[in-house]
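Residue numbers for the sequence shown follow this note's numbering, so the first one is 730 and each next one is one higher. Cβ coordinates follow ideal geometry from the N, Cα and C atoms, glycine included.
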Amino acid sequence: MEDDMSEKTYEKKVGIRDIVSFFQLEQLTGDDSSLDRWTVIQDLNRPGFELAGVFKSTEPRRIVIIGNKESEFIQTMNEDDQRARFKFLMDGLTPCIIITSGNEIPHILREVAMNNNFPVLRTNLETYRLTADLITFLDEKLAPIDTMSGVLMSVYGLGVMILGESGMGKSETALDLIRDGQVLISDDRVDVQHIQNSIYGHAPAITKGLLEIRGIGVINVEKMFGASAVADRAEVKLVIRMVPFERDAEYNRIGDETQRYTKILGVLVPTIVIPVSAGRNTFILVESAVRNFRLQEAGYSGAAEINERFSRFVGKDE
């Protein structure tokens, strides 16, 4: 079973100026205003086909990387072909061109770029290193963001999203967990991102490090419990959904293999449903659920153990 928690997704973009600053790239062409371009795509373009004159299916919004192989191929091209190919690569949507391994910029590329006030950049990093680091950088910066209502904690190092209706005691449970040495990521609203097939959550800047408790008000967790009680973000590995206890409802009593999931930005996150009623210590329940989930990840199953014991017990009577 699964629940879909997807909400509004915001398109993001990364400025070329930020990329130049982060990777300490050398600007070879274009003035300062040429760095005001931006990219919205994590993928990069190694323009082997374009340099050979094959333009079908070219995505112009990708950053163009010219590595050793491209540089060697360019040297075999005549100037007219170079000029035509570079003009195509400098489409109005193309963010920039980056030359790797400290290679020299071809003089025709410099000429075309200067005429178009287009940024050609250079790094001493080898192509494989730049592409790996740049894709990771863009993946994090451009990852879709949703905002969810809930509490995100790091419990024994496991990112746990606590969901439930208002008044279920999510923040109070978080406070008990913090007193027990666990770590707050975000209370009330959690910004989540889909990065490399995982979901990461962090607090909006305005509520970072704060916890709202009914009857007490807003408390500053870092000042009250110390810097180790808060963290910037966590990977969401488990969802705990707190629901009102209903006498006639069926709940998981044995811990069988039927797993619930919550869909967050298209990623299915394992989910445990905990019924809440007066007198139930939700802090202990959440902590125990996390410990049990850790055991299940390691291969232990309480349901399998009780079935095995039952089989042995029945076998003795036969």
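task: Can you say whether residue 916 is buried or exposed, counting buried as having 16 or more other CB atoms within 10 angstroms of its CB?
output: buried
- prompt: Can at least three beta-carbon pairs, one atom from the stretch 989-1008 and one from the stretch 966-977, be found at a separation below 8 Å?
  reply: yes
- request: Locate the beta strand (DSSP E) running through residue 863, then write down its first and last residues.
  value: Where residue 863 is concerned, there is no enclosing beta strand (DSSP E), although the alpha helix (DSSP H) it sits in stretches over 856-871.
task: For residue 762, I'd like the list of residues in its chain whose CB is within less than 8 Å of its CB, leaving aside the five on either flank, ordered along the chain.
output: 846
message: Would residue 828 and residue 851 be called neighbours here (beta carbons separated by less than 8 Å)?
response: yes
task: Could you please give me the residues that DSSP links to residue 771 through a beta bridge?
output: Residue 771 is not bridged to any residue.
message: Per the DSSP calculation, residue 963 is bridged to which residue(s)?
response: 930
task: Whole angstroms is fine: what's the gap from residue 754's alpha carbon to residue 806's?
output: 27 Å
Cβ-based neighbour list, residue 964, same chain, cut-off 6 Å, excluding 5 preceding and 5 following: 888, 927, 929
- prompt: Taking 7 Å as the cut-off, is the CB of residue 902 close to at least one heavy atom of the ligand SAH?
  reply: Of the ligands one can find in the structure shown there are none, so the ligand SAH has no counterpart to examine.
query: Quick one: Cα of residue 768 to Cα of residue 826, how far?
result: 12 Å
message: Bridge partners for residue 923 per DSSP, in chain order?
response: 928
task: Have a look at 818, 810, 812, 787 and flag the residue whose alpha-carbon is nearest the alpha-carbon of residue 795.
output: 818
query: What are the uninterrupted segments assigned as beta strand (DSSP E) that are 3 or more residues long and contained completely in the stretch 754-833, given in chain order?
result: 792-795, 826-828
query: Given that a residue counts as buried once 16 or more other Cβ atoms are within 10 Å of its Cβ, and exposed if not, what is residue 778?
result: exposed
field: Buried versus exposed call for residue 890 [16 or more other C-beta atoms within 10 Å across all chains shown]
entry: buried
message: Do residue 834 and residue 872 have their beta-carbon atoms positioned less than 8 Å apart in this structure?
response: no
message: By the three-class DSSP mapping on this structure, what secondary structure does residue 850 have?
response: strand
- request: With residue 942 as the anchor, note down where its alpha helix (DSSP H) starts and where it stops.
  value: From DSSP, residue 942 is part of no alpha helix (DSSP H) but of the beta strand (DSSP E) over 939-942.
- request: Quick one: using the 10 Å Cβ neighbour count with 16 as the cut-off for buried, is residue 808 buried or exposed?
  value: exposed
Between the CA atoms of residue 788 and residue 765 - distance to the nearest angstrom: 20 Å
- request: Measuring alpha carbon to alpha carbon, tell me which of 874, 781, 858 ends up nearest residue 996.
  value: 874
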